[in-house]
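Asker: So the protein sequences, as listed, match chains U and B.
Take the first sequence: its letters are residues 1279 to 1888, numbered as in my numbering.
Take the second sequence: its letters are residues 72 to 487, numbered as in my numbering.
Every residue, glycine too, gets a C-beta built ideally from N, C-alpha and C.
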Amino acid sequence: MGFSPHRNREAVLEALASTVHRDPTAYPYQFQDDSYLSPRTSAEFKLFSLSQESGRAAAKYFVNNNPKFFTKDFAEPHIPCLMPESVALRLEEVSEAALRERISLRKVSAAVEMYDQLLQSGTPVSMETTHEMLDLICVYCDRDPVQEGAPILEDGEGGDDTKRRKVRGRRGTDLKFSWKENNNAERIFQQLPERDSRCYSALIRGMVKHGVFSKAFNMYTELLNHRLTADVHVFNALISAAPDVREKFSERWDLITELLNQMSQQKVRPNLLTFNSVLKALRRCGFLAKSLAPQTLNEMKALGIAPSLATYDHVLAVFYKSASSGPNNTDILQDILTELEGTRFTCQDPDDVFFFSSAMRICLDSKDLELGYKVHQLVEVGENWRLLGDSYQQSIYYGRFFNLLCMMEHVDVVLRWYARIIPSLYYPNPQGMRDLLQALDTDSRLDLLPAIWKDIKTLGHDNKVDLVGELLSLMARDEHSAEVQESFAQCALDVKSAFDGRSSMEWTTPSLSHITTLMLRANKLQQAWEMLQLFKAQNRVPSEALMNSFLSACQSSGAPHRAVELVQLSAAFCLPATPGLAKRALAELELTEEQRSILSEFEAAAEEEQ
Amino acid sequence: MYRILSRAVCTARNHHLCVYECYVLPVKYDDVLRAFTGANTLSTCIIRQCEKKDVSDQNETTTKDVKPEVEAKANDGGETQQQGDGKVEQVLSKPSQVKSDGAKSGKEGLLDLLGAMKVEVTNKRKLKNLKTKQSFETSAQYKSKPAAMESTISMFQKATVQASAKSDALDPDIVAAASAAAATLPNQSQAESELLKQLRQRKALTEAQKKGDINNLGDLIADMKVGKKPARQNAWPADQIRFDDDGQGYTHDRGITGELANIRKRRNVFPTKRLNIFSPTTDQQGGESALAKPTLWDMDFANELSLSANQMPRNGFEEMIQWTKEGKLWQYPINNEIGLEDEASVPFHEHVFLEKHLEEGFPRQGPVRHFMELVVAGLSRNPYLTVQQKKEHISWFRDYFHQKKDVLSEADVDLS
């Protein structure tokens, strides 16, 4: 009824959503419901999104496995996704329908069993079901996929970023060895009375997916011998496998061109993934790639296939091999960015999400701030930010961007970006914070250090001794106005309490002396004295310069007894500077007779030794 | 806007041919017309001089005198423009226009043409006041084509004094029709001039065939460019290289986009070479596979894609979009008939007037009838049941009373 059929049902919401801008001071939206889930560090972010996701998965698992408790359907009209999904097998008899049910529920071993029973009872299985059967076995490599939310989380599919990453990594390595010789897929395939190209397609794609590349090529040869033609997916799979079956760069490329020529002969129209596979394979073709990658790109464009971000990522990878190769020519990236300016992307290839971080890496390597801004501009177009990938990829990207900013940009601008992206988009690592400290140092805005320290604490980096040490040394390096010194002293005390709370953190001599210096500069003699006591407790030895400046502080604040104690402490450390200190104290301070005698003793003792 | 093409053609012994062409504005401008006629008489006199093979200073001065006049009139018109890419074939077809005396009404011809012809619209830039330059270029071209020039001269020789402005122009009706037709096209002036050009060529051809002048005809056909390929310009709209009709050679499309493209091209570090394995034909295989049922591989790939991109909602509205897609949320704009699509085609009286379902299988009077009327009255007020359910409800009672027939007849209730 009623409304314009051309308007999709999300149009109103999309329009509303476009009016909401990101609030850099707010927690990510998914955590706003629960005040307990307020991540301040990347570890917390991971933990919270994991728990949220696993909570959902657990609920779903429970609902699906206990449908008898969830029969009430309040919703009018009916909402199917709120009702339990059927995950249990219902058809028990041996029939093709039962086989299809097992296939649709993705129960691999049950399906194989049913298939064998059907064959034994002499019931023919239709070609379509056989295709689906082979697809199922090949996709899951003859193993039952773990049900979503199931308690065994060994390599579950659903879930969070970290797990996803592991799964992706595993696909390349571990799974390579899990395609077994003569597994059910191969066995069923061999038993088939007639094999069409879809059967071959399933096998070849499965073999490539699970890393038995040479076998896939043998299968392809067999397909050709049977005068069948492959489909585009088979070619895509084979092209991506080509670098693994040939050693030499030129042989690899020859194989790829052979496959492409066969595609052309068989009138198979290539798609985006074909060319992305070619370019991905070219990344492993060494010196050949630089001339061939642009040609491939041009071929794509000639065929009217719009490149995706993955395409450009592969091209970039071909031209910018590694960070260590020195200053790079950024023309290619410049060119690509000019071409892409203002384009909105959707994810078309799983590799799309690597583009932005590798583009930013190139900007960072070549220290090209302009280009970095251009990349970021592209990220901010439309929904392109979604292609930054999962939170891990995103933190890599922002880490590089922030590093570039700290290196090249004026500190005011850096701080503006800092407020914008941290911590709402990016939780910087200790290295990132150190970059920021250096940027502050370069533009002499050290007065901001106490504020940065607060952020360091929030981000949970207050236990990183190196970072804290650097912060302290920056604060203690130069003398500042009284006001700044006061705030530094407060900050230093805060740092000290951070050290005190943890047994894992060990004081270093520089940190101790930096804090003491800061205390002295802010005329906090008592706290400085406590720091000197800490030296003793930590078995560290204060420097002569520190002792001297302490003595000067005693003099200026008129604390002769402290000076005497200082000389005594110095003697306890067996510092060679003790007599010098005693002499200075005798000369510069107003002392009682008793104090004088103590000090002269130290002075005399030293002279005797000489 | 009526544009009439007028040309004063002068030839000289040293094979100089100066072509002045101007588009003159509406016929209603009297002075323009005057200039027009003037130009033609001039051309006639020049032709005569050509016949005598006598180039005199006087000739040149006359030409000079007339030229500014025509120009002035052209500028008077305001919108009058000089078409930079003067067309060689126009020059060539011109003489035959001179001959052609409007022998045949071109109206039918125009209609035929409009039916058959695809008018190609191009964005040719108009250049103003490039007359002189133009004439020299054309003359240079004529040098290289002595044969064509010879024929022109011979045609001029044949041209009689009766060649007048009227004969030069096409029938005003045709011009009007052409301009009307051109007005429907995006680039009006361009289309119109092409229409008129085509008409003149057609007329010239007819004329030539009538006279049986084989040589002229051959020249005419040889020098005519008929039917440009429309596909060429559609295929490469971004950085097309166009061949200018004045024979100057290739010109780049200028303008801001063109400039940008040039900058980009200069900066483009990729060579334009490609692999040349596939031919850029559009075959239908991609469409076919899209129609097919998604396989497990497709689902697996889609899953992988959705896992790789960040799908987290950023605000409440995005979350609501997600819920809408999952079907958990009422769709916006709110429509309280959602989920009742089956009922949409059922008119309300089917819901309310249910008495007609009592016609069959129920008694006309008595307690059963009374009861059923109450049932129907209740049903007609019930908004929660579909018509089908209401009918089922009634037929359930029908069956029920029929089953209890014996009991009812015992109690003296008539069921017939």
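In angstroms with no decimal places, state the Cα-to-Cα distance between residue 1557 (chain U) and residue 1597 (chain U).
Answerer: Computed Cα separation, rounded: 12 Å.
Asker: Taking C-beta to C-beta, are residue 1772 (chain U) and residue 1731 (chain U) nearer than 8 Å?
Answerer: Contact flag set, yes.
Asker: Around the Cβ of residue 1755 (chain U), are there at least 16 other Cβ atoms within 10 angstroms (buried) or fewer (exposed)?
Answerer: exposed
Asker: Whose C-beta lies closer than 7 Å to the C-beta of residue 1326 (chain U) among residues of the same chain, with five residues either side of it excluded?
Answerer: So the qualifying residues of the chain are 1309, 1315 and 1317.
Asker: Measuring only the C-alpha atoms, how far is residue 1782 (chain U) from residue 1414 (chain U)?
Answerer: 52 Å
Asker: Starting from residue 1511 (chain U), find everything on chain B with Cβ-Cβ shorter than 7 Å and list it in chain order.
Answerer: 368
Asker: If you check the beta carbons only, do residue 1675 (chain U) and residue 1665 (chain U) fall under 8 Å apart?
Answerer: no
Asker: Taking just the CA atoms, how far does residue 1811 (chain U) sit from residue 1729 (chain U)?
Answerer: 28 Å
Asker: Taking 8 Å as the CB-CB limit, is residue 1672 (chain U) close to chain B?
Answerer: yes
Asker: Mind pulling the chain U residues with CB within less than 8 Å of residue 392 (chain B)?
Answerer: 1288, 1291, 1292 and 1295
Asker: Count the other CB atoms within 10 Å of the CB of residue 1505 (chain U); is the residue buried (16 or more) or exposed (fewer)?
Answerer: exposed
Asker: Please report the residue range of the alpha helix (DSSP H) in which residue 1679 (chain U) lies.
Answerer: 1669 to 1686
Asker: Write down every uninterrupted run of the alpha helix (DSSP H) in the region 1453 to 1497 of chain U whose length is 4 residues or greater and which is fully enclosed by it, in chain order.
Answerer: When DSSP assignments are scanned along the region 1453 to 1497 of chain U, the uninterrupted stretches of alpha helix (DSSP H) that are 4 or more residues long and fall wholly within it turn out to be 1462 to 1469 and 1475 to 1487.
Asker: Closer than 8 Å, Cβ to Cβ, to anything on chain U: give me those residues from the region 386 to 419 of chain B, in chain order.
Answerer: 386, 387, 388, 389, 390, 391, 392, 395, 396, 397, 398, 399, 402, 403, 404, 406, 408, 409, 410, 411, 412 and 415
Asker: Taking the alpha-carbon positions, what's the residue 1613 (chain U) to residue 1294 (chain U) distance?
Answerer: 35 Å
Asker: I'd like to know whether the C-beta of residue 1574 (chain U) is nearer than 8 Å to at least one C-beta of chain B.
Answerer: yes
Asker: Using a Cβ-Cβ distance cut-off of 8 Å, determine whether residue 1699 (chain U) contacts chain B.
Answerer: Closer than 8 Å: no.
Asker: Determine the burial state of residue 1480 (chain U): buried for a count of at least 16 other Cβ atoms within 10 Å of its Cβ, exposed for fewer.
Answerer: buried
Asker: Could you give the residue range of the alpha helix (DSSP H) that holds residue 1251 (chain U)?
Answerer: As displayed, chain U neither begins before 1279 nor continues past 1888, which places residue 1251 (chain U) out of reach and without an answer.
Asker: Look at the alpha carbon of residue 335 (chain B) and the alpha carbon of residue 1576 (chain U), and state the distance between them as a whole number of angstroms.
Answerer: Below a pLDDT of 50, predicted positions are generally treated as unreliable, and residue 335 (chain B), at 49, falls in that range; no measurement from the model is reported.
Asker: Cβ closer than 9 Å: which chain B residues qualify as neighbours of residue 1358 (chain U)?
Answerer: 398
Asker: Assign residue 1457 (chain U) to one of two classes, buried (16 or more other C-beta atoms within 10 Å of its C-beta) or exposed (fewer than that).
Answerer: buried
Asker: Between residue 1400 (chain U) and chain B, is the shortest Cβ-Cβ distance under 8 Å, so that the two count as touching?
Answerer: no
Asker: Between the region 370 to 382 of chain B and chain U, which residues of the former have a C-beta closer than 9 Å to a C-beta of the latter?
Answerer: Answer set for the region 370 to 382 of chain B: 370, 371, 372, 374, 375, 376, 377, 378, 379, 380, 381 and 382.
Asker: How long is the line joining the alpha carbons of residue 1683 (chain U) and residue 1594 (chain U), rounded to whole angstroms?
Answerer: Spanning the two alpha carbons is a distance of roughly 22 Å.
Asker: Suppose you measure from the CA of residue 1741 (chain U) to the CA of residue 1793 (chain U); what does that come to, to the nearest Å?
Answerer: 16 Å
Asker: When you compare only the Cα positions, how much space is there between residue 1393 (chain U) and residue 371 (chain B)?
Answerer: 23 Å
Asker: Would you kindly work out how many angstroms separate the C-alpha atoms of residue 399 (chain B) and residue 1650 (chain U), rounded to a whole number?
Answerer: 41 Å
Asker: I want to know whether the region 1347 to 1364 of chain U touches the region 385 to 399 of chain B - three or more CB-CB distances under 8 Å.
Answerer: Here the region 1347 to 1364 of chain U lies against the region 385 to 399 of chain B, with 3 or more beta-carbon pairs under 8 Å apart.
Asker: My assumption, with CB atoms under 8 Å, is that residue 1416 (chain U) sits in contact with residue 1465 (chain U). Please give the rounded CB distance.
Answerer: Not a contact, Cβ separation roughly 13 Å.
Asker: Take the Cβ of residue 1364 (chain U) as the centre, count every other Cβ of all protein chains shown within 10 Å, and call the residue buried at 16 or more, exposed below.
Answerer: exposed
Asker: Out of U:1622, U:1508, U:1568 and U:1578, which one is the CA nearest neighbour of residue 1540 (chain U)?
Answerer: U:1508
Asker: Would you tell me roughly how many angstroms separate the C-alpha atoms of residue 1409 (chain U) and residue 1477 (chain U), rounded to the nearest one?
Answerer: 6 Å
Asker: Over what stretch of residues does the alpha helix (DSSP H) that includes residue 1521 (chain U) continue unbroken?
Answerer: For residue 1521 (chain U), the uninterrupted alpha helix (DSSP H) segment begins and ends at 1510 to 1523.
Asker: Mind checking if residue 1577 (chain U) is an interface residue toward chain B, Cβ cutoff 8 Å exclusive?
Answerer: yes
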